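The sequence shown begins at 2 in this note's numbering and counts up by one.
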Amino acid sequence: MKPGIHPPYGPVVFRDKSAGFAFLTRSTMSSDKTIEWEDGNAYPVIDVEVSSASHPFYTGTQRVLDTAGRVERFERRYGTRGAH
2 MKPGIHPPYG PVVFRDKSAG FAFLTRSTMS SDKTIEWEDG NAYPVIDVEV
52 SSASHPFYTG TQRVLDTAGR VERFERRYGT RGAH
C-alpha cells in the first residue's frame, strides 16, 4: 500500500437510536461526536437510521405485499380495457 493516501482506519461505534442498539467495529468513517463504550474508552460515534436491530427483514416484522390482490382490485375498480 502507498503511504499517505489511505484514510485512517480505527475503532468506531455505530449507533441506531431508534432501536437503542450500538456496536463497536473498525471503519474509515469518523465523527466529531464521541461516546464512552463499555470498556471505558471514548470512541467516535456514527448515528445510523437503520441497523440489523431495526430493519424489518432482520426483526421478522417484514410485510409481504399481495401484488396479485392489487392487480385484481385495480381491474375491478377500473375494468379491463381492450388493446386499441
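The beta carbon of each residue, even a glycine, is placed where N, CA and C say it ideally should be.
On a predicted model such as this, the values are computed, not experimentally measured, just so you know.
* To do: Report, in whole angstroms, the separation of the C-beta atoms of Pro8 and Thr29, which I expect to be a contact under 8 Å.
  => Stepping through the sequence shown from its first residue, residue 8 is reached at position 7. Stepping through the sequence shown from its first residue, residue 29 is reached at position 28. Right, their Cβ atoms sit about 4 Å apart.
* C-alpha gap between Trp38 and Glu73, whole angstroms -> Indexing the sequence shown from 1 puts residue 38 at position 37. Indexing the sequence shown from 1 puts residue 73 at position 72. Approximately 53 Å between the Cα atoms of the pair.
* In this structure, does DSSP put Val72 in helix, strand or coil? -> What you label residue 72 is simply residue 71 of the sequence shown in a count that begins at 1. Of the three classes helix, strand and coil, the one that applies to Val72 here is helix, per DSSP.
* **CA nearest to the CA of Ser31, picked from Tyr10, Arg71, Asp40, Ala23** => Stepping through the sequence shown from its first residue, residue 31 is reached at position 30. Residue Tyr10 is the option with its Cα nearest to Ser31.
* Are the beta-carbon atoms of Phe22 and Ala54 separated by less than 8 Å? -> Numbered from 1 along the sequence shown, position 21 holds the residue referred to as residue 22. Numbered from 1 along the sequence shown, position 53 holds the residue referred to as residue 54. Closer than 8 Å, so yes.
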